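Numbering (our numbering), first residue to last: 23 to 976.
Here the structure comes first, spelled out in structure tokens, and everything after it is commentary.
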């Protein structure tokens, strides 16, 4: 199907849109719409055949006649087209997908003509109009165009300011086109890029206006000509002639009241009446583990990259993995439009992955752009050479020294690190101010403080300009020293910062300390700074959940411990951080336990009882995950004793959490609730919730509370606590808190909320993989196997669960071993594997006795009873005896959930023995007492048993 040929002045109208085919222009209510070339070709093809189905194959042949592309490219541009049209919004429908057949344009269409008469007349009246055509499709600048248009109406001088390659010229041309009619298309475009002599600034403008210049200074003649003119001057690339241009512009504004000026520059003109429009780089997707292909259309940087790559001939069928690479490329290039376009044009030659790899090499600075671009914009090297050449010697020195910083840095850091004996702070401050003005250093507020940074491309360029070895070593040493002091002074804040917004300013410091660490431990680094720097930053690595990094650096620092630092506070911090990070990333082993115990030993020897109490948290957690519940109680009682003498809110809350958890584990449920309640009281101070040494006691208190509530039979209250735990973890965004809070899945599965448990389980497994929390992976997969068993797929689920239990044994992660063995026992019983069930039940009984997990003993007794009811030959004891013991023990613990299970089984047994009255008298009071969670499997089973008993009695 061919695209219909239309007259030069013909256009299609549909809804608020007008499509001028031969002008390749789509406008909405008269305003040009941002639409890529391929998306425009798709629209033209569909509009040319309204209400007809065009197959994907035919559409791809029309849009890509000389290339072979995958359907993914068509889907990508179709998504962009629908987004531009607002298809599906407020009931609007333009393009319909016909499954298995193709696409169809379904909106009503009418034809109209485009009137060009007025434009031609205007050009005849102003023959000097030379506004370049729109430079292809802009991406992500629609709002900027509208803002600039409004500012040009309100102000006579607007300067677009931004760093090289950000898209100032393209935006200026687009904005000028947008307002051209307001000036009867009297628009003059002046490119100063090729002018090197400041004395020729006014002459260049005058020459383009056809004036004959006789004097050295053309300004007076230019002003006389413009005095009564209503005209828009677009002055492009002003930074290298900024003083001369500023003088000329000021004269024009003072004497020609109808002239408006739009300038582009890497620094402001700094004259009265100037309105500055700071142009930022294109927005990039956030650095997150997963991003959808569709999300690429939501960010202009990635949208530009894909469009330019496809336009360059690349065969892109963007999937999830490729989407992540595209996002990483755009982030590396800081969203700079020129850099993105240059990189995108390499994809056809190198492929996507290799292009990403090449970004780390200096040769990318020499990648060629379009031949039609100005020389200064044909490579990144040329763009940066241009900017660097405009700097003074002082500015170049300060810029080179600022390159020691990675990412954002505050002004005080720059003054502390860049200043030296030969360069005072006042000079550094003035130079930074000037570099910001010249767009060589970016300045943005972050929270209440201004932050500065060099774009990655600028930093790479400056680092290549070279510094002598002595200067580099001295600068790196000052940088590392600053990082250490900063983290020593601010590190304690981390444990009280609970949201991503609060932590945002501090995340930037991490990139700098990483660079400092690499230098300290490198060949030319200062070995004497290693221990102190790692000790200062390790608590922050822990608090942020950067545990693999914490493990790596603390391990290296501990190897640098000498007699001076041995037994001091720095070693205490290093040992604790090493032990915690090792426990979370590699499971339980002797090295982790030794490090934690060594840290506690140092704290006690130093009389540092506050840190001693805090260190008992991770030690408790180590033994909790190992299944050593008796040892846990000992640590909890010790922590409670120390905290009682300190009066520290966080230490008190920690001790209550540990003791409450232990009471829950051993079946003292009433004491567990009494002990945990103060930790979770509303309105407690933030200080009581501070996380120390990676142990989030507040989250664990919530888990212990929900588990206790469930055991006591308060199912709905337990559910509410679990829901809040998930919300809190999402707010905190602390990886360790995520992992710990998701242990609530175990309670959800006990309750019987399989769907909700599974909903939270899948992202838990993904995060465990992403964050390298190795021991949590088999736990997550074990929960998946448990869900399969509970849903009736016993053989497959049991095999998978047994495999994961082996993995957990290897990792010495035994926290859930007993519960998983309960699940296996119940599964074996359901499929008649009574011998296997009984053997595992005997092993579990011994495990409970050894470890002290007595809160689970009532359920084990019930399971053993159910086995013997089906296979009495397996034991001398009868099943009823076990059920009766289970009932008695659950009542002694106050465990209503175990009690109703045992009572239901006993009631069924007695009913079969003709003892229906006794069965009813046993079960009904328990059922009526447990008013929460009537929709759960246990209470449904009890209700069904009572109904059958009632039927028997009639």
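Just so it is clear, CB atoms sit at the ideal spot from N, CA and C, and this is done for glycine as well.
Predicted model only: the values in this text are computed from it and were never measured.
Fully contained in the stretch 660-716 are the following alpha helix (DSSP H) runs of length 4 or more, in chain order: 671-688 and 691-698. The C-beta distance from residue 723 to residue 732 rounds to 15 Å, too long to fall under 8 Å, and the pair is not in contact. Looking at the DSSP output, residue 126 bridges to 75 and 118. Annotated three-state conformation of residue 736 is coil, per DSSP. Here residue 875 carries a coil assignment [DSSP, helix/strand/coil]. Sequence-distant partners of residue 779 (beyond 5 residues in either direction) whose C-beta falls short of 8 Å from its own C-beta, in its chain, are 767, 770, 771, 805 and 809. The criterion of a C-beta distance shorter than 8 Å is not satisfied by residue 509 and residue 440.
In the three-state reduction of the DSSP assignment, residue 432 falls in the strand class. Residue state for residue 297 is assigned as strand, using DSSP reduced to three classes. Nearest in C-alpha terms to residue 37, of all of 127, 86, 60 and 76, is 127.
Per DSSP, the continuous beta strand (DSSP E) segment holding residue 284 begins and ends at 281-287. DSSP places residue 181 inside the beta strand (DSSP E), whose first and last residues are 179-183. At least 8 Å separates the beta-carbon of residue 197 from that of residue 291.
Between residue 360 and residue 187, the CB-CB gap stays under 8 Å. Within the same chain, Cβ atoms closer than 7 Å to the Cβ of residue 912 are found at 880, 920, 921 and 924, the five residues on either side in sequence being excluded.
According to DSSP, residue pairing for residue 194 in a beta bridge does not occur.
Closest in alpha carbon position to residue 598, among 378, 584 and 575, is 575. At a Cβ-Cβ threshold of 8 Å, residue 504 and residue 435 count as neighbours.
As DSSP reads the structure, residue 225 sits in no beta bridge. Using a C-beta cut-off of 8 Å, the stretch 895-910 makes no contact with the stretch 671-681, since fewer than three inter-stretch Cβ pairs fall below that distance. Residue 539 places its beta carbon less than 8 Å from that of residue 556. The C-alpha of residue 957 lies about 52 Å from the C-alpha of residue 73.
If you draw a straight line from the Cα of residue 369 to the Cα of residue 338, it is about 9 Å long. A residue is called buried when at least 16 other Cβ atoms come within 10 angstroms of its Cβ; residue 915 meets this threshold and is buried. Here the stretch 457-466 makes no contact with the stretch 492-502; the two share fewer than three CB pairs at distances below 8 Å. The stretch 206-221 and the stretch 324-331 do not touch, with fewer than 3 CB-CB distances between them shorter than 8 Å. Secondary structure note for residue 911: its alpha helix (DSSP H) is the uninterrupted segment 901-915. In this model, residue 594 and residue 480 are separated by some 41 Å (Cα to Cα).
In the DSSP assignment, residue 463 falls outside any beta strand (DSSP E), carrying neither H nor E.
For residue 153, the closest alpha carbon among the candidates 253, 173 and 248 is that of 253. A straight line joining the alpha-carbon of residue 798 with that of residue 607 spans about 9 Å. In the structure shown, the three-state DSSP call for residue 201 is helix.
Sequence-distant Cβ neighbours of residue 334 in its own chain, meaning closer than 6 Å and more than five residues away, are 367 and 370. One Cα belongs to residue 825, the other to residue 835, and the distance between them is close to 14 Å. Residue 545 has its alpha-carbon roughly 48 Å from the corresponding atom of residue 181. For the options 633, 656 and 98, the alpha carbon positioned closest to that of residue 873 is the one of 656.
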